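Novice: Take a look at the following structure, please.
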């Protein structure tokens, strides 16, 4: 018997509103010991996903210096100084979750076989994917949930039987 999405999904989803600041998102993810969360609009509909990686990439891109081989040493120093001034000023304006989230939401139906889900997650380099029933999100499957297939003997046996 094939193992299906609804059997391994996490049915509770901790979503964040799009207007939260990036710092509030970081605190939320840390407090809940998760690495990503769906983002909702004002109507509560999921419009994207925001992760610790999104936060890190935003901060890294804002702070990195880049290569400027055509500048003199003095010009490079001035460029670094200007970037720091700009970065400090940007820090005064709160960055919202909608500014850093990934707006693409991939999902699978509750009755999707886990092998298909694993293939999608590997192909798309995903750590999480939403689970739906009748176009409504009912859960989430993370890489942690996929480990249940290895750690749970019954689930492992069922997966092996379908090979």
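In full-length UniProt numbering, the protein residues as written are 1 to 163.
Built from N, CA and C at the ideal position, the CB exists for glycine as well.
Keep in mind the model is a prediction, meaning the values are calculated, not measured.
Between which two residues does the beta strand (DSSP E) harbouring residue 50 extend?
Specialist: Per DSSP, residue 50 belongs to the beta strand (DSSP E) from 46-51.
Novice: Relative to the C-alpha of residue 58, which residue among 132, 99, 145 is closest?
Specialist: Considering only alpha carbons, the answer is 99.
Novice: Going by C-alpha distance, which of 15, 46, 35 is nearest residue 136?
Specialist: Nearest of 15, 46, 35 to residue 136, Cα basis: 46.
Novice: Kindly examine the ligand GDP and report whether one of its heavy atoms sits closer than 6 Å to the Cβ of residue 31.
Specialist: Among the components of this structure there are no ligands whatsoever, and the ligand GDP is therefore not found.
Novice: Would you call the region 106-119 and the region 29-44 touching, i.e. three or more CB-CB distances under 8 Å?
Specialist: Output reads no: the region 29-44 does not touch the region 106-119.
Novice: Do you know how far the Cα of residue 82 is from the Cα of residue 68?
Specialist: Legend: pLDDT at residue 68 = 48, less than 50; position of this residue unreliable, no value from coordinates given.
Novice: Would the region 19-26 count as touching the region 124-131 if we require 3 or more Cβ pairs under 8 Å?
Specialist: Touching, no.
Novice: Look at the alpha carbon of residue 74 and the alpha carbon of residue 85, and state the distance between them as a whole number of angstroms.
Specialist: Looking at the two C-alpha atoms, the distance is approximately 17 Å.
Novice: Expressed to the nearest angstrom, what Euclidean distance is found between the alpha-carbon atoms of residue 50 and residue 56?
Specialist: Approximately 11 Å, taken between the alpha carbons.
Novice: Under 7 Å, do residue 139 and residue 30 count as touching if we go by C-beta distance?
Specialist: For residue 139 and residue 30, no; Cβs fall outside 7 Å.
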